[in-house]
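Report on the following structure.
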Amino acid sequence: PDYETHAARLPATTPRRRFLAATARGTPGDVSAPDALSAAIARGFAGETLPPAIRLDLAQDKLGEAILSAMALYISGAGGETKDIVPALATFRATGLEDTARRAALQLLILERQR
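Okay, here's the thing in structure tokens:
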């Protein structure tokens, strides 16, 4: 639960660590993305355009459907479809789920490293 506090204490000795700390703060675009996954995460936090179907759901006050679509995109992104990470994170943030977006991005970065 204290990921932001812990990230602030993480020695920023590598590009990866700098990116992790910036992601925990919600500002991954403030540092260079060390790889394609990180670049997708940064784009997701940069306010990339939401997919038309999700924009329509939000316009029609179908918040739950928009979030479920974002979850499906996130799962796809975690499974290797890196392009799906961008709209997933952008949707989480657009729907007020900033903490969820940060945690989801950090999980992708940490779990990717463990593979």
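Quick note: to get this note's numbering, add 14 to the position in the sequence shown (first position is 1).
Backbone N, C-alpha and C define an ideal beta-carbon position, used for all residues, glycine too.
All of these numbers come straight from a predicted model, not from anything done at the bench.
### Task
Inspect the beta-carbon positions of residue 84 and residue 102 and report whether they are closer than 8 Å.
Within the sequence shown, the letter at position 70 stands for residue 84. Within the sequence shown, the letter at position 88 stands for residue 102. It is a contact, given that the beta carbons lie within the stated cut-off.
### Query
Can you tell me the Cα-Cα spacing of residue 164 and residue 70, whole angstroms?
This structure cannot settle anything about residue 164, because the visible part of the chain is limited to 15 through 129.
### Task
Find out if the Cβ-Cβ distance for the pair residue 40, residue 60 is shorter than 8 Å.
In the sequence shown, residue 40 corresponds to position 26, counting from 1. In the sequence shown, residue 60 corresponds to position 46, counting from 1. No.
### Query
If you draw a straight line from the C-alpha of residue 124 to the C-alpha of residue 37, how long is it?
For this step, residue 124 is matched to residue 110 along the sequence shown. For this step, residue 37 is matched to residue 23 along the sequence shown. Computed Cα separation, rounded: 12 Å.
### Task
Tell me whether residue 79 sits in a helix, a strand or coil according to DSSP, three-state version.
Here residue 79 is taken as the residue at index 65 of the sequence shown, counted from 1. Residue 79 falls in the helix class under three-state DSSP.
### Query
What three-state label does DSSP hand residue 111 in the structure shown?
Position 97 of the sequence shown, counting from 1, holds the residue named residue 111. Correct three-state label for residue 111: coil.
### Query
For residue 90, which residues from the same chain have a beta carbon less than 6 Å from its beta carbon, with the 5 sequence-adjacent residues on both sides left out?
To locate residue 90, count along the sequence shown from 1; it is residue 76. Excluding positions up to five away in sequence, the list reads 98.
### Task
Kindly indicate which three-state DSSP category residue 122 falls into: helix, strand or coil?
For the purposes of this step, residue 122 is taken as the residue at position 108 of the sequence shown. Of the three classes helix, strand and coil, the one that applies to residue 122 here is helix, per DSSP.
### Query
Among residues of its own chain, excluding the 5 on either side of residue 122, which ones have a beta-carbon nearer than 8 Å to its beta-carbon?
Mapped onto the sequence shown, residue 122 falls at position 108. Once the five neighbours on either side are set aside, the close Cβ partners of residue 122 are 51, 55, 91, 92, 99.
### Unbroken alpha helix (DSSP H) run spanning residue 44, endpoints
Position 30 of the sequence shown, counted from the start, is the residue given in the question as residue 44. Element bounds for residue 44: n/a, residue is neither H nor E.
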